[in-house]
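S.K.: This is the structure I want to talk about, given as structure tokens.
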Ligand SMILES: Cc1cc2nc3c(=O)[nH]c(=O)nc-3n(C[C@H](O)[C@H](O)[C@H](O)COP(=O)(O)OP(=O)(O)OC[C@H]3O[C@@H](n4cnc5c(N)ncnc54)[C@H](O)[C@@H]3O)c2cc1C
């Protein structure tokens, strides 16, 4: 598959751009941040209505097979939509409900679980969240949450951090250890859990990018054996694929965000005057802008390649996805830092949008592994 | 047969052909087995000759000019199959990589007939007469003068940094034909036979040792009018086009090809050793190696994307500046890292006590410094990107 958009993908991009512009003004980020108790959407930090509309356009089900109510398209198409969302810093449960939880069910679930959840995800009716992370730095097998066998199933105790869209989710998928020790990739098991289950507490977090994330605690929460997704002890096989796909998608969103930050910075260089000249005439800034451009171009190439590697079922897909996340994260970090610097004082104010871009980019950079994590994984997969 | 099918068959044929013809001596990694570079050089020459006979050095050129007449898709398949078979990349040459494409587009039928076949079969060697002592980055200020007298141009002046002028057969040269016109308008593009009386060449020694670098002097050199390429006074346009090809070619060095003796991870593993998991034992070096390998992958991917864009008719003209900028900085970083990996075993200049492979790396480290200068310095590339791509004001 060539590294350019097909005609259909270009049409999709254009309609996504229109929709995103009309639906997600950047200022929404501030509105969600400054939420008042009692306003449902504001507490959620995304809008169920908007998500519903996106589902009607087919986007919530873009990667899911038609038999489950999806569009049956590929990651190349998904990436087009996510990139556009990234341009507007649009808050929506794509990563949590579709890429993480949806994929876990698609790739690990039995037929009954798929029938029960995938059509509802595609229709935008149900939002699911995947509760897996326990450490600050992404390290998915560092799981100490325990699921112990009891007569009627399992009893789960432990704590999950940074559960994306974990507050207000309709259902949770919880990763817990059924055997082995912390750090082992075996002995991990996934459970589908209703948020009302006794012993489960959700605490909403206030995050830098004003999106929804939560701490979820389990205190002797009892679940039955038929709530297990995939096989007991085999979760890491499913999650490795899930994290790859989710990373490729998140990467596309991050690409949209860094591209927009760069475009806004260029615009500022062409309008702000000092010393009787546009600041964009200063070579010190021009040369740094040229370097930012190089980084952006590589991020585009690597992101497109990673998405297509999933669609093509390439054996080196994991390597290409890690390579893309490492490069895109570094590009986003550079552009984030440089954009604030080039805006000068105004860049430090809450009123100017550019800071919102840097904040979201920094969170996305560290979500599902930062460039250090992915560079290390790239080295391992390359065999050195 | 559908187009895809045809290309698949073509791919198989090319792969078979490479399998049958690629010399076995070149299949081993040179240096790793201590093979004599001289012998490697001879087999490399033989290989280039075998390629040239099939027109494969200039795959997209028409057959009548010594090319293979391949479509862009076919040429891409050829390149992919060469990479897959770890065939050494064709060395960048001024004739093949720089002049050829411009000559194809702008040469007269006679010029094409005269020059292209010799370039395509590797028989005729070219050098680039652009830079002058007073005109480097500000190339358009050049002052080598060519005066039209009757049917001949009389050329007087000096070129500098002319790589390979000492063994080149021809030079493509920028000269000032109208001293009264504005800076960019009075320049013309001449093809000059290096055997013409009045041309003298003297070599320049570089920080990396003896080199192909020369100064070239013109003293009343007579060049026939038929050797003017393009219109009189329109040489700057051709000159810039040629620079795009040069930048693309220089950028491509950065992606790291199969010519290198050992890959960076192999070199690091060999020199530093590996731990129980098979990882390069020094974590800091391993991290830097990973960064270089990642960045090479990024460069390669952007190169194939820009080829895809060109095929799709999307404008990617100034991508050449970016590839040159990024590629040459990456080449420099890679060589810095190779120096660090070898430590004081890599600071040998000559004589006993240092391995030939290590001394080669050291000279290459020095030579790589030129990558960010030649073909327009990287500061100039940043200027071009800022102006042409990003639209930043002057
Ligand atoms: C290995 C090698 C091979 C070469 N081969 C050839 C050849 O075959 N034929 C040929 O014609 N030439 C050749 N060159 C010459 C090359 O093109 C010039 O060296 C180059 O264009 C720079 O010119 P200069 O050396 O005069 O440096 P200068 O132009 O004097 O530059 C000096 C410094 O000033 C900076 N600078 C200059 N102008 C600006 C500006 N506007 N903004 C910011 N910084 C600026 C430069 O980037 C550089 O760092 C070769 C050079 C090298 C190193």
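Protein chains in written order, with the numbering used here: chain A, 1 to 384; chain B, 1001 to 1394.
Even for Gly, the Cβ is constructed at its ideal location relative to N, Cα and C.
Predicted model only: the values in this text are computed from it and were never measured.
Does any residue of chain C have a CB that is nearer than 7 Å to the CB of residue 1308(B)?
M.R.: Here chain C cannot be found, since the structure's protein chains are A and B.
S.K.: Between residue 4(A) and chain B, is the shortest Cβ-Cβ distance under 7 Å, so that the two count as touching?
M.R.: Residue 4(A) counts as touching chain B.
S.K.: Would you call the region 112 to 128 of chain A in contact with the region 158 to 171 of chain A, where contact means no fewer than 3 C-beta pairs closer than 8 Å?
M.R.: Judged by Cβ distances under 8 Å, the region 112 to 128 of chain A makes contact with the region 158 to 171 of chain A, as three or more pairs qualify.
S.K.: State the Cα-Cα distance for the pair residue 1258(B) and residue 1264(B), rounded to the nearest angstrom.
M.R.: No answer about residue 1258(B) holds up, because its pLDDT of 48 lies below 50 and its placement is not dependable.
S.K.: Can you pull the chain B neighbours of residue 281(A), defined as C-beta to C-beta under 9 Å?
M.R.: Here the neighbours are 1392, 1393, 1394.
S.K.: Can you tell me whether residue 1022(B) sits near ligand 1, meaning its C-beta is under 6 Å from at least one heavy atom of the ligand?
M.R.: For ligand 1, not one heavy atom lies less than 6 Å from the Cβ of residue 1022(B).
S.K.: Per DSSP, residue 122(A) forms a beta bridge with which residues?
M.R.: Looking at the DSSP assignment, residue 122(A) forms no beta bridge with any residue, so it has no partner.
S.K.: Taking C-beta pairs closer than 9 Å, name the residues in chain B that residue 83(A) reaches, listed in chain order.
M.R.: The contacting residues do not exist; residue 83(A) stays about 15 Å from chain B at best.
S.K.: Using a Cβ-Cβ distance cut-off of 7 Å, determine whether residue 297(A) contacts chain B.
M.R.: Yes, its Cβ sits closer than 7 Å to a Cβ of chain B.
S.K.: Could you give the residue range of the alpha helix (DSSP H) that holds residue 293(A)?
M.R.: Residue 293(A) -> alpha helix (DSSP H) spans 283 to 311.
S.K.: Between the region 1149 to 1159 of chain B and the region 1069 to 1087 of chain B, can you find at least three pairs of beta-carbon atoms closer than 8 Å?
M.R.: No: the two stretches stay apart, fewer than three of their Cβ pairs being nearer than 8 Å.
S.K.: Return helix, strand or coil for residue 380(A), following the three-state DSSP convention.
M.R.: Three-state DSSP puts residue 380(A) in a helix.
S.K.: So, at 6 Å on beta carbons, what are the nonlocal neighbours of residue 1034(B) in its own chain, with the 5 sequence-adjacent residues on each side left out?
M.R.: Residue confidence for residue 1034(B) is low, a pLDDT of 49 falling below 50, so the modelled location carries little weight and cannot support an answer.
S.K.: So is the beta-carbon of residue 1132(B) under 6 Å away from any non-hydrogen atom of ligand 1?
M.R.: No, since every heavy atom of ligand 1 falls outside the 6 Å radius drawn around the Cβ of residue 1132(B).
S.K.: Using beta carbons (cut-off 7 Å, strictly below), is residue 1034(B) in contact with chain A?
M.R.: Because residue 1034(B) sits at a pLDDT of 49, beneath the cut-off of 50, its placement in the model cannot be relied upon, and the point is left open.
S.K.: Look at the alpha carbon of residue 360(A) and the alpha carbon of residue 86(A), and state the distance between them as a whole number of angstroms.
M.R.: Their backbone Cα atoms lie some 9 Å apart in a straight line.
S.K.: For residue 1245(B) and residue 26(A), what's the separation of their Cα atoms in angstroms?
M.R.: Going by the C-alpha atoms only, they are around 42 Å apart.
S.K.: Would you mind giving the Cβ-Cβ distance between residue 203(A) and residue 214(A), rounded to the nearest angstrom? I have them listed as a contact below 8 Å.
M.R.: Right, their Cβ atoms sit about 6 Å apart.
S.K.: Taking the continuous beta strand (DSSP E) assigned at residue 1152(B), which residues delimit it?
M.R.: Start and end: 1152 to 1160.
S.K.: Go to residue 1203(B), then tell me how far its beta strand (DSSP E) extends in each direction, as first and last residue.
M.R.: Start and end: 1199 to 1203.
S.K.: Within the present structure, is the beta-carbon of residue 1163(B) separated from the nearest heavy atom of ligand 1 by less than 6 Å?
M.R.: True, at least one ligand heavy atom lies under 6 Å from that Cβ.
S.K.: Could you tell me which of 1215(B), 1345(B), 1337(B), 1200(B) sits nearest to residue 1368(B), measuring between CA atoms?
M.R.: It is 1337(B).
S.K.: Under 7 Å, do residue 311(A) and residue 68(A) count as touching if we go by C-beta distance?
M.R.: No; because the gap between Cβ atoms is not below 7 Å, this pair is not in contact.
S.K.: Residue range of the alpha helix (DSSP H) that residue 1005(B) falls in?
M.R.: 1003 to 1021 is the span of the alpha helix (DSSP H), which, as asked, contains residue 1005(B).
S.K.: Per the contact definition of three or more C-beta pairs closer than 8 Å, is the region 105 to 114 of chain A in contact with the region 232 to 251 of chain A?
M.R.: Result yes; three or more Cβ-Cβ pairs closer than 8 Å.
S.K.: List, from N- to C-terminal side, the alpha helix (DSSP H) runs of 4 residues or more that fit wholly inside the region 1066 to 1123 of chain B.
M.R.: Within the region 1066 to 1123 of chain B, the complete alpha helix (DSSP H) runs of at least 4 residues are 1072 to 1084, 1100 to 1106, 1109 to 1120.
S.K.: Excluding the 5 residues flanking residue 1300(B) on each side, which residues of the same chain have their C-beta closer than 8 Å to its C-beta?
M.R.: Correct list, in chain order: 1255.
S.K.: At which residue ranges does the region 52 to 134 of chain A contain complete beta strand (DSSP E) runs of 3 or more residues, listed in the order of the chain?
M.R.: Qualifying beta strand (DSSP E) stretches, in chain order: 128 to 131.
S.K.: Drop a sphere of 10 angstroms on the beta-carbon of residue 1205(B), count the other beta-carbons inside from all chains shown, and report buried for 16 or more, exposed for fewer.
M.R.: That one is exposed.
S.K.: Taking Cβ positions only, does residue 1326(B) come closer than 7 Å to chain A?
M.R.: Yes, contact with chain A.
S.K.: Would you report the Cα separation of residue 1223(B) and residue 1390(B), rounded to the nearest angstrom?
M.R.: Rounded to whole angstroms, residue 1223(B) to residue 1390(B) spans 41 Å at the Cα level.
S.K.: Indicate the three-state DSSP secondary structure (helix, strand or coil) for residue 1041(B) in the structure shown.
M.R.: If DSSP states are grouped into helix, strand and coil, residue 1041(B) belongs with the helices.
S.K.: Can you tell me whether residue 1170(B) is helix, strand or coil according to DSSP?
M.R.: The answer is strand: DSSP assigns residue 1170(B) an E or B state.
S.K.: On the DSSP bridge assignment, give the partners of residue 1292(B) in chain order.
M.R.: Paired residues: none, contrary to the question.
S.K.: What residues in its chain sit with their C-beta under 8 Å from that of residue 133(A), if we drop five residues either side in the sequence?
M.R.: So the qualifying residues of the chain are 140, 160, 161, 162, 163.
S.K.: Return no unless some Cβ of chain A is closer than 7 Å to the Cβ of residue 1375(B).
M.R.: Output row for residue 1375(B): interface = no.
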